[in-house]
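Okay, so here's the structure we're looking at.
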Amino acid sequence: MSTLTLKNIVKEFTSGSGASASTTQVIKGVDLEVKDQEFVVFVGPSGCGKSTLMRMIAGLENATSGDILIDGKRMNDIGPAERGLAMVFQSYALYPHMTVGENMGFSLKLAGVSKEERAEKVNAAAEVLQLGPLLDRKPKALSGGQRQRVAIGRAIVRNPSIFLFDEPLSNLDAALRVQMRIELARLHAELKATMIYVTHDQVEAMTMADKIVVLQGGVVEQVGSPMELYHHPRNRFVAGFIGSPKMNFLDITVTGVAGEGVTVRLPDGSERLIPVVSQTEDGASVIVGDSLTLGVRPEHLMLDAQGPFSGQVQVIERLGGVTSLYLATPDGSGDAPIGGLKSDEQSDSGWILMADGDVNSRVGDSIRYGFDTERAHLFTREGLALQNLNRHPLTSLTRQDNSLSSASAAQEARA
Amino acid sequence: MRTRASGRTVGGLRTLSLQAPAVSLLLMWMLVPLVMTLWFSFQRYNLMMPSVSGFAGVDNYYYLLTDPSLWTAMGNTLLLVGWVLVATVVGGTLLAVLLQQEFFGRGVARLFVIAPFFIMPTVSALVWKNMMMHPVNGILAWVAGLFGLPAIDWFASLPLTSIVIIVTWQWLPFAVLILLTAIQSLDDDQVEAARMDGAGPVAIFFYITLPHLKRAISVVVMIEMIFLLTIFAEIFVTTSGGPGLASTNLAYLIYIRALLDFDVGGASAGGVIAIILANIVAFFLVRTVAKNLEN
Ligand SMILES: Nc1ncnc2c1ncn2[C@@H]1O[C@H](COP(=O)(O)OP(=O)(O)OP(=O)(O)O)[C@@H](O)[C@H]1O
Ligand SMILES: [Mg+2]
Numbered sequence: 000m001s002t003l004t005l006k007n008i009v010k011e012f013t014s015g016s017g018a019s020a021s022t023t024q025v026i027k028g029v030d031l032e033v034k035d036q037e038f039v040v041f042v043g044p045s046g047c048g049k050s051t052l053m054r055m056i057a058g059l060e061n062a063t064s065g066d067i068l069i070d071g072k073r074m075n076d077i078g079p080a081e082r083g084l085a086m087v088f089q090s091y092a093l094y095p096h097m098t099v100g101e102n103m104g105f106s107l108k109l110a111g112v113s114k115e116e117r118a119e120k121v122n123a124a125a126e127v128l129q130l131g132p133l134l135d136r137k138p139k140a141l142s143g144g145q146r147q148r149v150a151i152g153r154a155i156v157r158n159p160s161i162f163l164f165d166e167p168l169s170n171l172d173a174a175l176r177v178q179m180r181i182e183l184a185r186l187h188a189e190l191k192a193t194m195i196y197v198t199h200d201q202v203e204a205m206t207m208a209d210k211i212v213v214l215q216g217g218v219v220e221q222v223g224s225p226m227e228l229y230h231h232p233r234n235r236f237v238a239g240f241i242g243s244p245k246m247n248f249l250d251i252t253v254t255g256v257a258g259e260g261v262t263v264r265l266p267d268g269s270e271r272l273i274p275v276v277s278q279t280e281d282g283a284s285v286i287v288g289d290s291l292t293l294g295v296r297p298e299h300l301m302l303d304a305q306g307p308f309s310g311q312v313q314v315i316e317r318l319g320g321v322t323s324l325y326l327a328t329p330d331g332s333g334d335a336p337i338g339g340l341k342s343d344e345q346s347d348s349g350w351i352l353m354a355d356g357d358v359n360s361r362v363g364d365s366i367r368y369g370f371d372t373e374r375a376h377l378f379t380r381e382g383l384a385l386q387n388l389n390r391h392p393l394t395s396l397t398r399q400d401n402s403l404s405s406a407s408a409a410q411e412a413r414a
Numbered sequence: 000m001r002t003r004a005s006g007r008t009v010g011g012l013r014t015l016s017l018q019a020p021a022v023s024l025l026l027m028w029m030l031v032p033l034v035m036t037l038w039f040s041f042q043r044y045n046l047m048m049p050s051v052s053g054f055a056g057v058d059n060y061y062y063l064l065t066d067p068s069l070w071t072a073m074g075n076t077l078l079l080v081g082w083v084l085v086a087t088v089v090g091g092t093l094l095a096v097l098l099q100q101e102f103f104g105r106g107v108a109r110l111f112v113i114a115p116f117f118i119m120p121t122v123s124a125l126v127w128k129n130m131m132m133h134p135v136n137g138i139l140a141w142v143a144g145l146f147g148l149p150a151i152d153w154f155a156s157l158p159l160t161s162i163v164i165i166v167t168w169q170w171l172p173f174a175v176l177i178l179l180t181a182i183q184s185l186d187d188d189q190v191e192a193a194r195m196d197g198a199g200p201v202a203i204f205f206y207i208t209l210p211h212l213k214r215a216i217s218v219v220v221m222i223e224m225i226f227l228l229t230i231f232a233e234i235f236v237t238t239s240g241g242p243g244l245a246s247t248n249l250a251y252l253i254y255i256r257a258l259l260d261f262d263v264g265g266a267s268a269g270g271v272i273a274i275i276l277a278n279i280v281a282f283f284l285v286r287t288v289a290k291n292l293e294n
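Those protein sequence lines, which keep their order, are chains A and B. Okay, so the first sequence: first residue is 0 according to numbering that gives the first Met the number 0, each after it adds one. Okay, so the second sequence: first residue is 0 according to numbering that gives the first Met the number 0, each after it adds one.
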């Protein structure tokens with residue numbers, strides 16, 4: 000049993016000294032509940048405070064205010080070693096002058112564990128990670144993936160209540176990353192441990208997490224299961240951050256508000272009913288004439304000769320299975336987001352349409368396209384979402400439901 | 000004619016002519032004094048007795064090696080080098096760790112620690128002799144007086160120790176400088192990982208910091224050793240090698256022979272022995288250091 004609770008955590012850094020000192024608030028009141036055996040992923044743009052938050056949980060950094068509870072016990076004033084956590088660093092942080100075995104057994108040695116017991120535990124961890132033949136090597140003689148495994152092994156040996164990972168896979172190549180991702184998921188199931196994981200990688204976040212925490216500027220924007228964040232983002236930031244390529248945005252006006260949804264007028268003059276509530280979560284109501292932002296994911300746009308949008312194809316990226324068409328914003332306000340990834344500055348300019356791999360459009364073609372109104376999103380000027388009337392059926396899905404063992408268990412239960 | 004593609008034209012007439020000025024300068028600089036020293040060491044050559052001259056065979060060496068003062072001087076040399084090395088490495092490591100911490104006035108403190116390095120040996124020896132260790136006017140005597148203790152006549156009763164203290168004071172900044180730079184290259188993540196593993200400050204020092212400093216320490220030892228074998232000014236200014244031979248090292252013994260006894264032949268023989276000694280030390284040292292630097 001190991002749970003983690005953060006209560007109104009604030010972190011301020013003071014730079015300079017004396018009269019010229021200035022403080023910056025980096026974490027601005029974070030509340031979070033992590034359940035036993037949960038896999039929680041922190042995502043957010045660079046500099047939003049993910050590492051800082053994790054280091055406070057680890058005890059490497061003091062919280063300016065707020066409470067950190069592990070298994071219900073307040074841990075603010077307890078040192079990093081006594082919290083019973085283990086952290087895997089992005090840089091691996093292996094001790095270069097110790098062998099792999101010594102690296103993994105270091106914490107036990109400091110704790111005064113006997114040599115035999117130490118060897119036993121190190122071997123057990125090495126077994127799990129297939130590090131057996133490497134135990135006598137120095138870290139320098141290991142590949143990146145092996146080093147990463149040693150770093151994880153060092154954490155396992157301590158038998159921590161919670162594992163902390165700060166971008167552990169970002170230094171590995173793509174193939175190795177996929178392999179380690181699967182290995183970590185397996186490890187999580189095997190060790191039945193609570194894990195907190197920081198990443199920049201969408202795929203890692205979506206595939207590994209039971210719960211994703213989206214941070215921005217030291218504030219938690221939304222907490223939820225991957226499917227919940229994808230289908231029901233709380234605000235425009237989360238909508239844009241989760242999903243790749245990014246969601247397309249367009250300014251539109253409201254022409255009707257009814258029980259079954261909000262009707263909006265599109266640039267070509269046509270109107271569409273989007274099935275969303277007419278109130279934001281803070282109680283503000285949408286009325287006719289309001290200007291809102293329509294959000295549609297690239298995968299929910301489709302080529303359609305009768306569609307409401309039209310535009311010229313500016314760039315085409317063919318991946319075989321799918322084809323991305325880069326278009327100007329339908330109201331003509333922005334050019335295609337060349338380069339594939341829309342950076343933050345130009346996040347609103349240009350649209351991307353994900354079409355079937357077999358479309359034969361060419362650069363310069365004028366196309367008409369439409370969108371799936373059921374899956375469209377509406378955001379107020381303040382960026383808050385109008386929630387869809389129908390909850391997506393997969394939002395409560397946990398990661399365990401995606402793995403084979405639980406599927407077969409469910410089948411057995413049904414039989 | 001070797002081809003350019005091989006990348007080596009060493010030995011070609013043209014390259015040789017280009018290297019010639021540098022090589023001949025080096026030869027002159029190094030070989031001429033060496034050969035002259037060797038030559039004199041086999042000569043009867045005493046400035047007080049210009050009439051006695053000619054080939055002496057190994058007499059100079061015989062007299063030197065059977066002279067107990069040579070062995071005293073060698074012992075003193077090793078003691079001096081050894082103690083200064085121990086003091087500067089241990090003190091330097093501790094000071095470097097200390098100066099690495101965040102505290103108010105760290106910049107100024109660093110400057111003060113480094114400062115003695117910029118003072119020339121003669122001056123620092125004079126300062127120590129007349130202001131610090133002087134049995135009447137010295138600060139150390141005054142401090143001893145505060146505690147009601149008798150003043151120590153440093154250079155009379157603890158001559159070699161006094162020299163060790165002075166030289167340590169001069170060389171400590173060098174060790175601190177090198178070790179501080181090395182400590183700054185220690186990965187923060189490693190220290191934090193160790194903290195998570197349950198290491199306190201002492202464990203971090205012995206298990207993380209010290210192994211990280213191993214290379215830098217061997218560099219400090221090597222460089223200091225080269226300079227410490229030839230300490231002269233400090234002895235000359237303070238004890239003049241005395242009382243008796245209590246603080247005479249090899250360099251000072253050669254000086255005594257050559258310029259106080261005017262025995263150029265004997266002094267040259269001493270010089271040759273010093274060269275051999277330095278080479279033996281350098282051989283072992285360079286080998287261990289090179290091995291250290293490799294991994
Ligand atoms: N010791 C420090 N002193 C002052 N400011 C700091 C310190 N450490 C971090 N910060 C600031 O806190 C903010 C959050 O940093 P943090 O390292 O947590 O970001 P992050 O979300 O992990 O980013 P990345 O994804 O790039 O790793 C940054 O703006 C950073 O400049
Ligand atoms: Mg970070």
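Note that beta-carbon positions come from the ideal geometry of N, C-alpha and C, so glycine has one too.
Taken in chain order, the members of the region 88-122 of chain A whose beta-carbon sits within less than 7 Å of a beta-carbon on chain B are Phe88, Ser90, Ala92, Tyr94, His96, Phe105, Ser106, Leu109 and Ala110. DSSP places Thr208 of chain B in the helix class (H, G or I) of the three-state scheme. Inter-segment contact for the region 152-166 of chain A and the region 99-106 of chain A is present: three or more beta-carbon pairs are separated by less than 8 Å. Non-local C-beta neighbours of Ala95 of chain B in its own chain, meaning closer than 7 Å and more than five positions away in sequence, comprise Val175, Leu178, Leu179 and Ile182, ordered along the chain. Counting other Cβ atoms within 10 Å of its Cβ, Asn247 of chain A reaches 16 or more and is therefore classed as buried. Beta-bridge annotation (DSSP): Gly260 of chain A is paired with A:Ala257. In the structure shown, Ser64 of chain A falls within a strand segment according to DSSP collapsed to helix, strand and coil.
Using a Cβ-Cβ distance cut-off of 8 Å, the region 196-208 of chain A and the region 166-176 of chain A are in contact, since at least three pairs of beta carbons, one from each stretch, lie closer than that value. Chain A places a beta carbon closer than 8 Å to that of Glu191 of chain B, counting this residue as a contact.
Scanning the region 140-221 of chain A from its first residue to its last, the whole alpha helix (DSSP H) runs of 4-plus residues come out as 143-156, 173-190 and 201-207. Residue-level contact check: Ala57 of chain A touches chain B, since one or more beta carbons of chain B fall below 8 Å from its beta carbon. Within the same chain, Cβ atoms closer than 8 Å to the Cβ of Ile216 of chain B are found at Val88, Thr92 and Leu178, the five residues on either side in sequence being excluded. A distance below 6 Å between beta-carbons, with the five flanking residues on each side excluded, links Trp153 of chain B to the following residues of its chain, in chain order: Met132 and Ser161. At a cut-off of 7 Å, the beta-carbon of His199 of chain A counts as near ligand 1: some heavy atom of the ligand is closer than that. In this structure Gln178 of chain A is exposed. Its beta-carbon is surrounded by fewer than 16 other beta-carbon atoms within 10 angstroms.
Residues of chain B with a Cβ closer than 9 Å to the Cβ of Met86 of chain A are, in chain order, Glu191, Ala192 and Met195. With a contact defined as Cβ atoms closer than 8 Å, His231 of chain A and Thr394 of chain A qualify at about 6 Å. DSSP places Ile26 of chain A in the uninterrupted beta strand (DSSP E) bounded by Ser21 to Val33. A distance of 8 Å or more separates the beta carbons of Gly242 of chain A and Arg176 of chain A.
Using a Cβ-Cβ cut-off of 8 Å, Pro392 of chain A is close to nothing in chain B; its nearest Cβ partner there is about 42 Å away.
For Ala150 of chain B, same chain residues with a beta-carbon under 7 Å away, outside a window of 5 residues either side, are Pro134, Ala140, Ala143 and Gly144 in chain order. With the criterion set as a beta carbon lying under 8 Å from some beta carbon of chain A, the members of the region 208-238 of chain B are Pro210, His211 and Lys213, in sequence order. As far as DSSP is concerned, Phe103 of chain B takes part in no beta bridge. Shortest gap from the CB of Gly48 of chain A to any heavy atom of ligand 1: under 7 Å. For Ala20 of chain A, the nearest beta carbon of chain B is not closer than 8 Å to its own beta carbon. Restricting attention to B:Ala21, B:Leu110, B:Pro158 and B:Gly243, the CA atom closest to the CA of Lys128 of chain B is found in B:Pro158. Exposed is the label assigned to Tyr61 of chain B, since fewer than 16 other Cβ atoms lie within 10 Å of its Cβ. Inclusion of Ser45 of chain A in the 7 Å shell around ligand 1 follows from its C-beta lying nearer than that to a non-hydrogen atom of the ligand.
Exclusion of Glu60 of chain A from the 7 Å shell around ligand 2 follows from its C-beta lying no nearer than that to any non-hydrogen atom of the ligand. Inclusion of Ser360 of chain A and Ser160 of chain A in the CB contact set at 8 Å is not warranted, their separation being larger than that value. In this structure, the straight-line span from the alpha carbon of Ser40 of chain B to that of Phe235 of chain B is close to 24 Å. Those residues of the region 227-240 of chain A placed with their C-beta closer than 9 Å to a C-beta in chain B do not exist. Scanning B:Phe205, B:Ala266, B:Phe283 and B:Ala124 for the CA closest to the CA of Asp66 of chain B turns up B:Ala266.
When secondary structure is reduced to three states using DSSP, Leu46 of chain B falls in the coil class, being assigned neither helix nor strand.
For Asn136 of chain B, the number of other beta carbons within 10 angstroms of its own is below 16, and it is reported as exposed.
Using a Cβ-Cβ distance cut-off of 8 Å, the region 297-310 of chain A and the region 367-374 of chain A are in contact, since at least three pairs of beta carbons, one from each stretch, lie closer than that value.
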